[in-house]
Amino acid sequence: MNSSIHPHLKQDRLIASLVDAGDLSLSEAAHLQECAACRADRLTMEKEFSSLGDLAERYSPEPDRPAVLHFPKERAWVAWPLGWKASMASAFALLLVISATWYFTGPFKTPAPFQEVANGTTPGDQELMSEINRLSENAIPRSYLYITGEYDKGLSEDFIRFVVPLEDHDAISRQNKKKGHAAC
Amino acid sequence: MEYDKDSVSRWVLEAVNGSEASFHRLMDLYYKGIFRMIFYRIQSKMDAEDITQEVFFQAYNRLNSLQSPDRFKSWLFSIALNKVRDFIRKKKFRSLFQALPENLDLESEGNPGSRPSEAHEQLERTDFWNMVTHMMTGLSNKEREVFTLRFFDNLSIREISQVMDKGESTIKTFLYRAMLKIKNNPSLQKLAEETMQ
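So the protein lines, in turn, are chains V and F. The first sequence: position 122 = 190 (our numbering), numbered continuously. The second sequence: position 187 = 193 (our numbering), numbered continuously.
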């Protein structure tokens, strides 16, 4: 086929041939094969597009890191901001402080055994109850306390004498008891 | 360095069976390509290096999901593409809360104390990427992606269809449209002239 029969390929057809040469019709393909001008245009266009890749490579930096696979570290469930050794030591120290506080401080004393708590009794309660029972069993009637003089045992002798003075020491009372002596 | 397809397939099979040495051979082969592919899209060297590491780490962990050893390259590029999309999405989200200029790394790579030749190179680099960005402005996302994969990353139509999980005819259509739009952009001629010099 003579190239002069078929008109020169337009830009869009040349681009189509660059995308896929098989897209051209038979007559277009034949013309391209024979027409030097169309082939030159196609070659120029091809170089223009491929030059982009060359330029992009030229204007790109080279990677600094070598092509070695660095496995990223798995994210830990527990963060170790001080490193695991320091964190473990801190945790142990904290545990020690909490245990000491628990052991020595009243509110943190070891609770009574489960069974005693369930029964509502503790060793302290039992001791108190036995003391109450002992007192109630050995209680002395109040009248006996008067006889033995233990009823007012808590009051001092001076205090009682102040409140209720002895008759012998009170001159006015002594005079009042005499016959014919009138009170003022 | 180019390797024949059989060697690559053999290394892939060995890597699937647990050979770290074979995987490192594959990594040597594709490391720069993946790094550049990521850099073209995010324009940050540091981030590109991080993402490249992530790509190969993920590839190593998911080698068993690879359908065929022949598809290793496109599979690697599809992982990289997903990582880049994730990165851009996160960057956009972060930019809602902080007003940072785009392409920060590209601009800040120039050191005030650097030699004049380095400063000139830096200027050329920035110029080039600005022109590329301008050239791609009129393209849709799909057209831009297909064009970049074809002419910047040098993937074949078949590889692009595997990376983007689309039919070859669809890829050809996107590529044809993108090339038509870019061909009429004066930036392309300017860049081509620069290459010819």
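Don't be surprised by glycine CBs; every beta carbon is placed ideally from N, CA and C. Please read all numbers here as calculations on a predicted model, not as lab measurements.
TODO: With 8 Å as the threshold, decide whether the Cβ of leucine 100 of chain V is near any Cβ in chain F.
DONE: no
Task: First through last residue of the alpha helix (DSSP H) which encompasses tyrosine 36 of chain F - done: 26-48
Open item on the list: Pop quiz: leucine 186 of chain F and aspartate 80 of chain V are said to be a contact at Cβ under 8 Å. What is the actual Cβ separation, rounded to whole angstroms?
Closed with: 6 Å
Open item on the list: Within the continuous alpha helix (DSSP H) that includes threonine 112 of chain V, where are the two ends?
Closed with: 104-126
TODO: Report yes if the CB atom of leucine 94 of chain V is closer than 8 Å to the CB atom of alanine 84 of chain V, and no otherwise.
DONE: no
Open item on the list: Assuming contact is defined by CB atoms lying nearer than 8 Å, are arginine 47 of chain F and valine 90 of chain F in contact in what I supplied?
Closed with: Contact check for arginine 47 of chain F against valine 90 of chain F passes: the beta carbons are separated by less than 8 Å.
Task: Chain-ordered neighbours of aspartate 34 of chain F on chain V, where CB pairs are closer than 7 Å - done: Ala135
Task: Whole-number beta carbon distance between asparagine 160 of chain F and glycine 121 of chain V, since they are thought to touch under 8 Å - done: 6 Å
TODO: Tell whether a beta-carbon distance below 8 Å holds between valine 61 of chain F and isoleucine 40 of chain F.
DONE: yes
TODO: Pick helix, strand or coil for aspartate 171 of chain F, following the three-state DSSP scheme.
DONE: coil
Open item on the list: Taking its Cβ as the centre, do 16 or more other Cβ atoms sit within 10 Å of glutamine 49 of chain F, making it buried, or is it exposed?
Closed with: buried
Open item on the list: I want to see whether chain F comes within less than 8 Å of isoleucine 166 of chain V, judged by CB atoms only; does it?
Closed with: no
- [ ] Look at the alpha carbon of leucine 155 of chain F and the alpha carbon of arginine 164 of chain F, and state the distance between them as a whole number of angstroms.
- [x] 11 Å
- [ ] Run down chain V in chain order and give the residues with a C-beta less than 8 Å from the C-beta of tryptophan 135 of chain F.
- [x] Tyr127
Open item on the list: To the nearest angstrom, how far is the alpha carbon of phenylalanine 153 of chain F from that of proline 129 of chain V?
Closed with: 21 Å
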